[in-house]
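Heads up: the sequence shown is residues 1 to 320, going by full-length UniProt numbering.
All residues carry an ideal CB built from backbone N, CA and C; glycine is no exception.
Note that the structure is a prediction, hence the values are computed from the model and not measured.
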Amino acid sequence: MVKLLNVYPTPFDLYFCFFLLPAQNCSHILQGPNGTIQSPGFPYGYPNYANCTWTITAEEQNRIQLVFQSFALEEDFDVLSIYDGLPQQGNLRTRLTGFQLPAPIVSTGVVLSLWLVSDYAVSAQGFQANYEVLPSHTCGNPGRLQNGIQQGTTFSIGDKVRYSCNPGFFLEGHALLTCHANSENSASWDFPLPFCRADDACGGTLRGQSGIISSPHFPLEYGNNADCTWTILAEPGDTIALVFMDFQLEDGYDVLEVAGTEGSSLWFTGMNLPAPVISSKNWLRLHFTSDGNHRQKGFSAQYQGKCSLAESVCIYTLLS
Numbered sequence: 001m002v003k004l005l006n007v008y009p010t011p012f013d014l015y016f017c018f019f020l021l022p023a024q025n026c027s028h029i030l031q032g033p034n035g036t037i038q039s040p041g042f043p044y045g046y047p048n049y050a051n052c053t054w055t056i057t058a059e060e061q062n063r064i065q066l067v068f069q070s071f072a073l074e075e076d077f078d079v080l081s082i083y084d085g086l087p088q089q090g091n092l093r094t095r096l097t098g099f100q101l102p103a104p105i106v107s108t109g110v111v112l113s114l115w116l117v118s119d120y121a122v123s124a125q126g127f128q129a130n131y132e133v134l135p136s137h138t139c140g141n142p143g144r145l146q147n148g149i150q151q152g153t154t155f156s157i158g159d160k161v162r163y164s165c166n167p168g169f170f171l172e173g174h175a176l177l178t179c180h181a182n183s184e185n186s187a188s189w190d191f192p193l194p195f196c197r198a199d200d201a202c203g204g205t206l207r208g209q210s211g212i213i214s215s216p217h218f219p220l221e222y223g224n225n226a227d228c229t230w231t232i233l234a235e236p237g238d239t240i241a242l243v244f245m246d247f248q249l250e251d252g253y254d255v256l257e258v259a260g261t262e263g264s265s266l267w268f269t270g271m272n273l274p275a276p277v278i279s280s281k282n283w284l285r286l287h288f289t290s291d292g293n294h295r296q297k298g299f300s301a302q303y304q305g306k307c308s309l310a311e312s313v314c315i316y317t318l319l320s
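As structure tokens, then:
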């Protein structure tokens, strides 16, 4: 007698798949002036249920630069998280997924961590990255642009790097980056890496003292597979206040990342209205992504520059 299997999984089947099958765990501690990190099985594909961490440590008065040579993860489901320090939530720097080569990442301290998690089905080639320990007084390579050109090959205090785009693309962000010394005996670029935007892509560079940023088609639903980046630039010495008026994203799948605040990037998803955001420098960058399923109303936010003297006044003005 042949026993037919149930076509539809029972709750027990789902429990078995998600909780009883063992994860492919790995953990690595990396030291030394440089090295290479690869996902398990690279370049032939990482396993399902991967759960791997890499923690890079350097000596005092140094920082760590991570440069990707290859990157391919199942989009939205397999994720590489980068932490500026140990792999703890408060140290989250960015979450990477999909098939676009990420920009170089430079730690602010002597520890940089990576955490790869894959789901139960479908994998991709994986990733390979080189790391290098740098003196704290250097900024590190800010990165090359897809569809763009980088001019400048030294990255110490006072050095400048200029960017331009290939024909058919427009530069969004600041074209000239300068490596500045910070008060905490380190250095950083004065602006984030710009990017080259196709003419019909969403996002843009905003330079006025105030304005509004909204998801595509707001207050109607945004589209699937959106990928929008806005960069707000203020005058040197000023900070920027960002206040949300409306916020409705598919929880856990459609995400707004806000960079340019003190510490790690902020991540917003779901239906709760985020608290006001204040930049730590004279720029803020908003990166909105949506997946291939379900849509919501989106978000709308006001920004106000010239907040160097009274940040609370900026927020009050936007809320009133």
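On a CA-only basis, which of the options is nearest residue i? Give me that one, please.
i, options, result
"Pro219", "Ser265, Lys297, Leu266, Phe244", "Lys297"
"Leu112", "Gln65, Leu73, Asp119, Pro102", "Gln65"
"Glu60", "Gln128, Val110, Asn225, Leu286", "Val110"
"Tyr120", "Gly237, Pro236, Asn48", "Asn48"
"Leu286", "Thr231, Glu235, Asn130", "Thr231"
"Pro194", "Arg93, His28, Pro102", "Pro102"
"Met271", "Arg95, Asp254, Asn224, Gly292", "Asp254"
"Leu96", "Ser107, Pro87, Gly292, Leu116", "Leu116"
"Asn91", "Ser107, Asp76, Phe77", "Ser107"
"Tyr303", "Gly35, Ile212, Ser123", "Ile212"
"Pro167", "Gly148, Cys52, Asn185", "Gly148"
"Pro87", "Pro236, His28, Arg162", "His28"
"Ser280", "Glu235, Arg162, Ala198", "Glu235"
"Gly35", "Ala175, Glu132, Arg162", "Glu132"
"residue 328", "Ala198, Trp267, Val161, Ile157", "Residue 328 is absent from the model: the chain starts at 1 and stops at 320."
Tell whether a beta-carbon distance below 7 angstroms holds between residue i and residue j.
i, j, result
"His294", "Glu262", "no"
"Phe155", "Leu177", "no"
"Tyr222", "Ser214", "no"
"Ile82", "Leu114", "yes"
"Asn282", "Asp238", "yes"
"Asp291", "Asp76", "yes"
"Gly260", "Leu233", "no"
How many angstroms separate the CA atom of residue i from the CA atom of residue j?
i, j, result
"Gly305", "Ser210", "6 angstroms"
"Gln31", "Val67", "16 angstroms"
"Gln100", "Gly152", "23 angstroms"
"Phe170", "Cys228", "14 angstroms"
"Ala301", "Asp246", "7 angstroms"
"Val243", "Phe299", "11 angstroms"
"Phe42", "Gln150", "29 angstroms"
"Gly126", "Gln146", "20 angstroms"
"Arg207", "Glu74", "35 angstroms"
"Asp159", "Ala241", "29 angstroms"
"Ser164", "Arg144", "10 angstroms"
"Trp54", "Gly98", "20 angstroms"
"Leu256", "Val277", "13 angstroms"
"Thr289", "Leu273", "17 angstroms"
"Asn130", "Val79", "18 angstroms"
"Gly252", "Arg63", "32 angstroms"
"Cys26", "Ala50", "8 angstroms"
"Gly204", "Gly173", "8 angstroms"
"Ile105", "Pro142", "8 angstroms"
"His217", "Asn224", "12 angstroms"
"Thr57", "His180", "24 angstroms"
"Gly140", "Ile37", "18 angstroms"
"Val122", "Trp189", "38 angstroms"
"Ala175", "Arg93", "23 angstroms"
"Ala275", "Arg162", "35 angstroms"
"Thr269", "Gln248", "8 angstroms"
"Gln89", "Trp267", "11 angstroms"
"Ala198", "Ala124", "27 angstroms"
Between residue i and the ligand MN, is there a pair consisting of the residue's CB and a ligand heavy atom that are separated by less than 6 angstroms?
i, result
"Thr53", "Within the structure as shown, the ligand MN is missing, as the structure has no ligands at all."
If residue i sits next to residue j, beta carbons under 8 angstroms apart, how far is it from one beta carbon to the other, in whole angstroms?
i, j, result
"Tyr44", "Ser118", "Tyr44 to Ser118, Cβ: 14 angstroms. No contact."
"His137", "Ala187", "5 angstroms"
"Ala226", "Cys202", "7 angstroms"
"Val258", "Ser264", "Between Ser264 and Val258 the Cβ distance is about 10 angstroms, and since that is not below 8 angstroms, they are no contact."
"Gln128", "Gln69", "5 angstroms"
"residue 324", "Pro40", "The structure shown has nothing for residue 324, since the chain only spans 1 to 320."
Contained beta strand (DSSP E) runs [length at least 3] in the UniProt domain "CUB" (26 to 134), N- to C-terminal order: 34 to 38, 50 to 57, 62 to 72, 79 to 83, 92 to 96, 111 to 117
Handout entry: Runs of beta strand (DSSP E) lying entirely within the UniProt domain "Sushi" (137 to 198), each at least 3 residues, in chain order
Key = 148 to 151, 160 to 165, 169 to 172, 176 to 181, 187 to 189, 195 to 198
Completely contained alpha helix (DSSP H) runs for the stretch 222 to 308, where each covers 4 or more residues:
none
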